[in-house]
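Residue numbers (this note's numbering), protein chains in the order written: chain A, 286 to 627; chain B, 286 to 627; chain C, 286 to 627; chain D, 286 to 627.
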């Protein structure tokens with residue numbers, strides 16, 4: 286059974302496995318204070334052109350989101366996210382568990398719109414309501430779409446005008462950077478967001494998210510927040526080693542390119558066979574709509590997630606590719622998929 | 286520089302590295318729902334003779350402590366721990382961050398005494414005070430001592446008499462099991478504690494703690510707690526693989542035996558040279574008292590933690606060994622250490 | 286300036302002021318353990334025909350909502366409310382501050398629909414999402430509408446079918462009971478809800494909400510929750526005295542009847558003058574839509590809240606009456622209001 | 286039965302009851318935005334000589350403590366208090382419920398010592414531990430003692446040297462100001478503490494604590510904190526009216542003088558009869574040690590709290606007086622108490 290269920294089905298890319306093996310018996314300090322972490326931090330700062338950014342590592346995305354958001358907000362402050370945002374739906378209330386409300390916008394194509402941000406701010410007028418203080422976006426979004434530079438600039442503007450911080454969850458940032466419609470460069474981010482993270486888990490690492498705090502106001506005592514939320518890995522070197530690896534020779538980009546190209550090949554092939562899509566994307570997640578008979582049939586040989594019921598006889602499914610997706614798997618899927626109407 | 290700073294300075298034991306490598310490209314479900322986790326769960330239940338125990342994996346100890354305690358207590362309930370307990374001192378208020386007070390006992394040799402538990406319960410009489418509902422112990426303790434079976438039975442009794450749950454943090458349980466004064470068998474634990482975890486991070490794994498919930502009352506919806514606290518690893522297979530490995534061929538015990546024997550060799554050797562100890566232990570942490578001149582001198586070749594100022598000219602230090610400690614490192618240390626008075 | 290801004294603009298009804306004065310120098314135990322509280326509890330249980338209900342008093346509504354909801358939910362559980370629900374909008378994230386997500390339904394006329402409850406439950410399928418565990422309703426609602434017995438029975442049913450608790454915020458329950466379209470009797474509530482409170486603040490008291498826990502599963506240690514959330518009034522007798530007073534001679538009902546009749550007189554009079562309404566209600570809050578010129582003009586002599594912009598030239602306003610509203614105030618308002626088009 | 290159980294057994298002083306009655310039917314804005322609150326704020330600022338202090342009202346002390354502390358601390362920060370501090374023992378973990386650890390000092394005579402503060406700060410060295418950020422003191426303390434100006438200055442100094450805020454719980458500040466050994470003037474406080482409150486509940490009001498924030502850094506958005514913690518009273522005027530009253534004609538001081546003089550008369554009389562004391566105080570709480578036979582006998586006619594078991598045959602009890610204590614009650618107690626040994 287070939288799986289397109291998600292982008293964390295396998296282990297790590299060979300380069301990472303090799304460096305973990307090679308350094309396995311070296312002694313180093315714990316909790317992210319080792320030389321590997323330091324080197325990885327330097328490489329990340331360099332890639333972003335952000336010499337004074339603070340870099341911290343997390344094992345996973347929910348932990349990163351929870352820690353970052355809770356470190357920024359005062360108790361009565363809230364974070365704005367799109368309805369489908371990971372923090373709103375798929376983190377078991379992890380943000381609320383730290384005491385904060387998630388205010389939601391309908392968004393468009395999985396992306397928060399600046400005018401929605403303004404509306405939410407305008408509707409929160411006094412101390413009987415929470416105070417919006419941060420906008421959370423995912424890039425790529427939960428449905429595989431990508432923010433353009435213009436969109437990010439517009440969000441930055443509405444945030445600045447209203448005293449909001451802008452936080453970008455980059456669990457799938459590699460895929461976003463590899464998207465054909467991406468026009469944001471790594472070095473653009475420091476001007477666009479206050480804090481962000483670059484995902485490793487879904488892009489070739491065993492695990493790991495690299496958080497960069499650009500805004501000085503958010504840097505103080507951040508390691509205390511990490512420790513308190515249970516996010517400080519004892520053998521922190523494992524995170525440093527992996528990101529050091531991903532930052533060298535454009536490995537991160539190469540892995541993402543592979544994932545995205547496989548997904549796009551799938552999308553193009555499926556489209557060619559006459560299928561429509563829940564949303565057309567440019568990253569490593571695609572959302573074709575299958576009639577239920579075809580879906581059932583495909584499920585016999587391929588694992589994937591059903592996404593949303595479209596109508597009584599059709600369902601949108603999600604196919605996800607990764608650094609590890611074999612071209613033959615894509616070909617097999619396309620080969621097995623009947624043309625619409627056949 | 287040889288480090289005796291802690292037991293998480295290196296990577297993982299070779300057996301674990303090998304299995305991670307071998308299975309690296311296999312696809313499996315995420316979040317701990319893969320066959321490796323299932324197999325590891327079965328092996329852990331078997332080792333403990335606890336067929337109906339629920340087994341869950343965490344990446345680290347603070348996360349495990351926070352999630353377990355917060356899952357058990359009602360908002361106004363508190364957990365009792367010894368003053369030096371990890372949750373009281375070294376987790377940046379992670380327990381309080383979930384809303385709960387840590388009530389402290391002075392303890393003896395790092396261990397909570399049953400009579401202290403009773404005193405704390407007796408002192409909390411009405412709704413103006415928190416309600417003690419759980420006792421937290423570490424075994425081995427934070428200062429390397431071990432609970433005997435009789436001590437655990439006495440704690441179990443005082444817990445039962447007062448409606449308290451007993452939770453054992455086993456981040457260093459391997460070392461406890463290898464201690465010469467340990468008389469508790471794996472299969473004794475289900476009768477002694479309600480919930481516990483077996484540490485992997487400090488005993489041969491890259492990371493990982495295996496939590497076993499014995500008490501049915503504490504099992505409901507535990508995965509929700511893990512996810513909410515940011516503790517659900519995407520590539521959960523990494524935890525399953527490591528514990529599967531540790532549970533086979535008594536690997537966990539063998540690794541711990543090595544660590545403990547090295548520490549005990551160190552302790553014996555240091556004693557022989559005329560030094561006294563902050564506390565004499567039977568596990569992989571030892572606490573010799575050095576005069577400050579000797580300490581400074583030793584620091585040039587060996588890394589270790591200072592533990593406590595004893596008097597103006599003496600300091601207790603902590604030396605920790607692990608599965609990876611080389612016998613030569615121990616010999617080097619003993620060789621370099623002058624006899625007292627020399 | 287006559288105020289229709291809210292139903293807590295004045296002090297307490299004369300009967301309550303008198304009893305506070307008369308008993309002022311008597312000594313009694315604190316924290317709600319005095320005879321007045323006991324007597325008030327007995328009278329409340331009797332009115333509801335709920336001999337085994339637990340009765341607790343709160344100073345205010347947000348405190349009551351926060352304490353009740355946090356006492357019921359486990360950390361990962363969420364409460365369902367209508368979008369406009371007080372806990373969702375007007376409590377500065379007090380529910381989230383205790384760690385819980387508020388899941389929202391669009392509702393109809395300010396009321397949660399059973400099918401929405403079912404949809405929300407159905408959409409929360411696994412441990413990556415919060416688990417709905419309670420439905421919160423206000424009666425009368427935030428926009429002055431009232432739940433019928435049939436509607437409450439249908440909510441009870443969907444709650445039972447899905448293992449949810451049903452909690453009724455009765456900050457304006459007096460007004461609901463006085464509504465012409467109310468068909469629920471006091472003695473119906475024990476079969477309909479698990480926990481509720483009867484508002485005093487907005488119905489003749491200086492302050493105070495009387496919470497009744499009908500469901501045995503929610504009773505344990507409730508006083509601990511009150512104390513922890515800062516809700517245990519030292520001179521608890523003040524709450525007992527006021528509710529004892531409200532429960533005697535149908536005082537609560539009489540005060541509410543007065544408030545509702547004044548509002549309904551206003552509504553009828555305004556309608557007669559040709560105005561339409563944002564929503565037509567049967568309680569003590571009404572929501573006429575005025576053209577902005579008329580609104581500005583009326584604001585010179587009357588205080589009220591603007592509720593919602595209807596279009597560029599019209600605004601819905603809120604007029605609230607209370608036990609203290611003078612009939613002349615209503616007449617003055619109607620007299621001052623021009624007919625539509627005049 | 287005459288009660289010396291506490292200082293909140295009765296209602297309010299006559300002046301307060303009168304003003305509540307007189308203004309009962311006036312309409313005013315809610316939530317502390319009425320003219321009475323404004324006037325009370327001005328009077329409080331004047332008494333303290335603190336023109337730019339922010340004044341906020343709370344119904345009770347636990348609510349005030351919880352809201353103030355949670356408003357000041359960042360998630361990983363902790364508050365230092367004496368072991369016997371109200372927030373540490375008698376608030377059901379209300380501080381921890383907002384996520385913060387209470388670090389405790391043994392203190393002396395119920396008072397935190399500056400050197401203890403320094404020791405606690407010194408012991409918290411890195412991000413694995415909470416970070417002390419505030420010192421909490423009660424004045425008068427929980428055992429009726431009073432801080433001298435020198436003691437407060439020394440605490441201020443150690444706080445300044447370590448970047449800590451100093452917060453004074455003045456639930457019984459009136460009694461402290463009336464103590465014979467008090468040498469602090471109202472106008473001294475702005476230089477000594479960052480935030481404090483003046484208690485009304487235990488000094489003549491029905492309820493109410495007036496919080497003054499002197500430090501600008503702690504003022505922002507404080508009303509959001511109040512609302513979120515459930516502390517914003519709808520009919521806020523009740524708080525304004527009471528403090529307006531207490532601030533006029535030195536009423537607060539006169540009420541406290543009465544309470545303290547009655548307690549001191551009791552203490553002197555009991556001492557004269559040969560009894561010793563758990564602690565000798567200068568305020569409205571006294572702690573004589575009675576043999577258990579005498580205690581039992583006195584309990585037949587007088588209500589009081591037992592404080593601590595001294596030995597097998599002796600118990601320290603607590604006698605508390607208030608604005609309402611009748612001189613005859615004191616005389617009756619002294620008359621009924623046998624001389625020691627009789």
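We put the beta carbon where it would ideally sit given N, CA and C, even for glycine.
Exercise for the section: Taking the CB atoms as reference points, tell me whether residue 541 of chain C and residue 429 of chain C lie closer together than 8 Å. Expected result: Taking the first residue of the third chain as position 1, residue 541 of chain C is located at position 256. Taking the first residue of the third chain as position 1, residue 429 of chain C is located at position 144. Not closer than 8 Å, so no.
Problem - DSSP state of residue 335 of chain A mapped onto helix, strand, coil - result: Looking up residue 335 of chain A in the first chain gives position 50. Residue state, collapsed to three classes: coil.
Exercise for the section: Locate the alpha helix (DSSP H) running through residue 438 of chain D, then write down its first and last residues. Expected result: Position 153 of the fourth chain holds residue 438 of chain D. Following the DSSP letters along the chain, one finds residue 438 of chain D inside the alpha helix (DSSP H) bounded by residues 434–447.
Handout entry: Neighbourhood of residue 426 of chain B by C-beta distance below 7 Å, restricted to the same chain and skipping five residues each side
Key = Counting from one through the second chain, the residue named residue 426 of chain B turns up at place 141. Contacts found: 395, 396.
Problem - Residues of its chain near residue 288 of chain A, where Cβ-Cβ distance is below 8 Å and the 5 sequence neighbours each way are ignored - result: Stepping through the first chain from its first residue, residue 288 of chain A is reached at position 3. Same-chain partners within the cutoff: 294, 587, 588, 589.
Practice task
Counting only runs of 4+ residues fully inside the segment 474–532 of chain D, write out the alpha helix (DSSP H) ranges in chain order.
Solution key: 474–477, 507–513, 522–532
Handout entry: Proximity winner among B:354, B:453, B:551, relative to residue 475 of chain B (alpha-carbon distances)
Key = The residue labelled residue 475 of chain B in the question sits at position 190 within the second chain. It is B:453 whose Cα lies nearest to the Cα of residue 475 of chain B.
Practice task
Find out if the Cβ-Cβ distance for the pair residue 420 of chain C, residue 467 of chain C is shorter than 8 Å.
Solution key: Walking along the third chain from the start, residue 420 of chain C turns up at place 135. Walking along the third chain from the start, residue 467 of chain C turns up at place 182. No, they are not a contact pair.
Problem - Simplified DSSP state of residue 466 of chain D, which is helix, strand or coil - result: On the fourth chain, position 181 is the one that residue 466 of chain D refers to. Coil at residue 466 of chain D, not helix or strand.
Exercise for the section: Please check if any C-beta of chain A sits within less than 8 Å of the C-beta of residue 297 of chain B. Expected result: The count along the second chain starts at 1 and reaches residue 297 of chain B at position 12. Output row for residue 297 of chain B: interface = yes.
Problem - Contact set for residue 533 of chain A: own chain, Cβ-Cβ below 6 Å, skip 5 residues either direction - result: Along the first chain, one-based indexing puts residue 533 of chain A at 248. Excluding residues within five positions, none has a Cβ falling inside 6 Å.
Practice task
Would you mind stating whether residue 491 of chain B and residue 297 of chain B have Cβ atoms separated by less than 8 Å?
Solution key: For the purposes of this step, residue 491 of chain B is taken as the residue at position 206 of the second chain. For the purposes of this step, residue 297 of chain B is taken as the residue at position 12 of the second chain. Contact: yes.
Practice task
Could you tell me which uninterrupted alpha helix (DSSP H) segments, each at least 4 residues in length, are contained entirely in the segment 290–350 of chain C, listed from first to last along the chain?
Solution key: 299–307, 320–333
Practice task
Could you tell me whether the segment 350–370 of chain D touches the segment 400–420 of chain D, using the rule of 3 or more Cβ pairs below 8 Å?
Solution key: yes
Practice task
Give the DSSP-derived three-state secondary structure of residue 455 of chain D in the structure shown.
Solution key: Taking the fourth chain and counting its residues from 1, the one referred to as residue 455 of chain D is at position 170. The answer is strand: DSSP assigns residue 455 of chain D an E or B state.
Exercise for the section: Note the first and the last residue of the continuous beta strand (DSSP E) segment covering residue 385 of chain C. Expected result: Along the third chain, read from residue 1 onward, the residue named residue 385 of chain C stands at position 100. Note, residue 385 of chain C: premise wrong, no beta strand (DSSP E); not H, not E.
Practice task
Return the residue from the list B:626, B:507, B:538 that minimises the CA-CA distance to residue 357 of chain B.
Solution key: Against the second chain, residue 357 of chain B aligns to sequence position 72. Of the listed residues, the one whose Cα sits closest to residue 357 of chain B is B:507.
Handout entry: Nearest candidate by alpha-carbon position, reference residue 608 of chain B, set B:401, B:531, B:402
Key = The count along the second chain starts at 1 and reaches residue 608 of chain B at position 323. Residue B:531 is the option with its Cα nearest to residue 608 of chain B.
Handout entry: Residues in the segment 348–378 of chain A having any Cβ partner in chain C nearer than 8 Å
Key = 360, 361, 363, 374, 375, 376, 377, 378
Exercise for the section: Report the rounded CA-to-CA distance for residue 614 of chain C versus residue 312 of chain D, giving the unit in angstroms. Expected result: Translated into positions along the third chain, residue 614 of chain C becomes position 329. Translated into positions along the fourth chain, residue 312 of chain D becomes position 27. Computed Cα separation, rounded: 12 Å.
Practice task
With DSSP as the reference, label residue 578 of chain B as helix, strand or coil.
Solution key: Here residue 578 of chain B is taken as the residue at index 293 of the second chain, counted from 1. Three-state DSSP puts residue 578 of chain B in a helix.
Handout entry: Where the alpha helix (DSSP H) through residue 644 of chain D begins and ends
Key = There is simply no residue 644 of chain D to check, as chain D begins at 286 and stops at 627 in what is shown.
Exercise for the section: Indicate whether at least one CB of chain A lies closer than 8 Å to the CB of residue 323 of chain D. Expected result: On the fourth chain, residue 323 of chain D is found 38 positions in, with the first residue counted as 1. No, residue 323 of chain D does not count as interfacial toward chain A.
Problem - Under 8 Å (Cβ pairs) to chain A, residues found in the segment 304–321 of chain B - result: 305, 306, 308, 309, 310, 311, 312, 313, 314, 315
Exercise for the section: Starting from residue 508 of chain B, find everything on chain C with Cβ-Cβ shorter than 8 Å and list it in chain order. Expected result: For the purposes of this step, residue 508 of chain B is identified with residue 223 of the second chain, where counting begins at 1. Result: 412.
Exercise for the section: Verify the CB distance criterion: does residue 416 of chain B have a CB-CB separation below 8 Å to chain C? Expected result: Here residue 416 of chain B is taken as the residue at index 131 of the second chain, counted from 1. It does; some Cβ of chain C falls within 8 Å.
Practice task
For the beta strand (DSSP E) containing residue 416 of chain A, list its first residue and its last residue.
Solution key: Translated into positions along the first chain, residue 416 of chain A becomes position 131. That run of the beta strand (DSSP E) goes 416–423.
Practice task
Could you have a look at residue 426 of chain B and say whether DSSP puts it in helix, strand or coil?
Solution key: If you number the second chain from 1, residue 426 of chain B lands on position 141. Residue 426 of chain B: coil per DSSP, three-state reduction.
Exercise for the section: State the Cα-Cα distance for the pair residue 547 of chain C and residue 598 of chain C, rounded to the nearest angstrom. Expected result: Position 262 of the third chain holds residue 547 of chain C. Position 313 of the third chain holds residue 598 of chain C. In a straight line, the C-alpha of residue 547 of chain C is about 28 Å away from that of residue 598 of chain C.
Handout entry: Rounded straight-line distance, which links the Cα of residue 403 of chain B to that of residue 556 of chain D
Key = Translated into positions along the fourth chain, residue 556 of chain D becomes position 271. Translated into positions along the second chain, residue 403 of chain B becomes position 118. Roughly 35 Å between the two C-alpha positions.
Problem - Limits of the unbroken alpha helix (DSSP H) element including residue 548 of chain D - result: Within the fourth chain, residue 548 of chain D is the residue found at index 263, counting from 1. From DSSP, the alpha helix (DSSP H) with residue 548 of chain D extends over 536–557.
Practice task
Quick one: measure Cβ to Cβ for residue 551 of chain A and residue 618 of chain A, integer angstroms, because I've assumed they're closer than 8 Å.
Solution key: Translated into the one-based positions of the first chain, residue 551 of chain A becomes position 266. Translated into the one-based positions of the first chain, residue 618 of chain A becomes position 333. At roughly 6 Å, the Cβ-Cβ gap stays under 8 Å, so residue 551 of chain A and residue 618 of chain A are in contact.
Handout entry: Environment of residue 611 of chain A [buried if 16+ CB atoms lie within 10 Å]
Key = One-based indexing of the first chain puts residue 611 of chain A at position 326. Exposed, since its Cβ has fewer than 16 Cβ neighbours within 10 Å.
Problem - Three-state secondary structure (DSSP) of residue 625 of chain A - result: For the purposes of this step, residue 625 of chain A is taken as the residue at position 340 of the first chain. If DSSP states are grouped into helix, strand and coil, residue 625 of chain A belongs with coil.
Exercise for the section: Starting from the C-beta of residue 565 of chain B, find all residues in its chain whose C-beta is less than 6 Å away, skip the five residues before and the five after it, and write them out in chain order. Expected result: Taking the first residue of the second chain as 1, we reach residue 565 of chain B at position 280. So the list is empty, once near-sequence residues are dropped.
Problem - Reference residue 498 of chain B, options B:292, B:334, B:513, closest by Cα - result: Here residue 498 of chain B refers to the residue found at position 213 when the second chain is read from its first residue. Ranking B:292, B:334, B:513 by Cα distance to residue 498 of chain B puts B:334 first.
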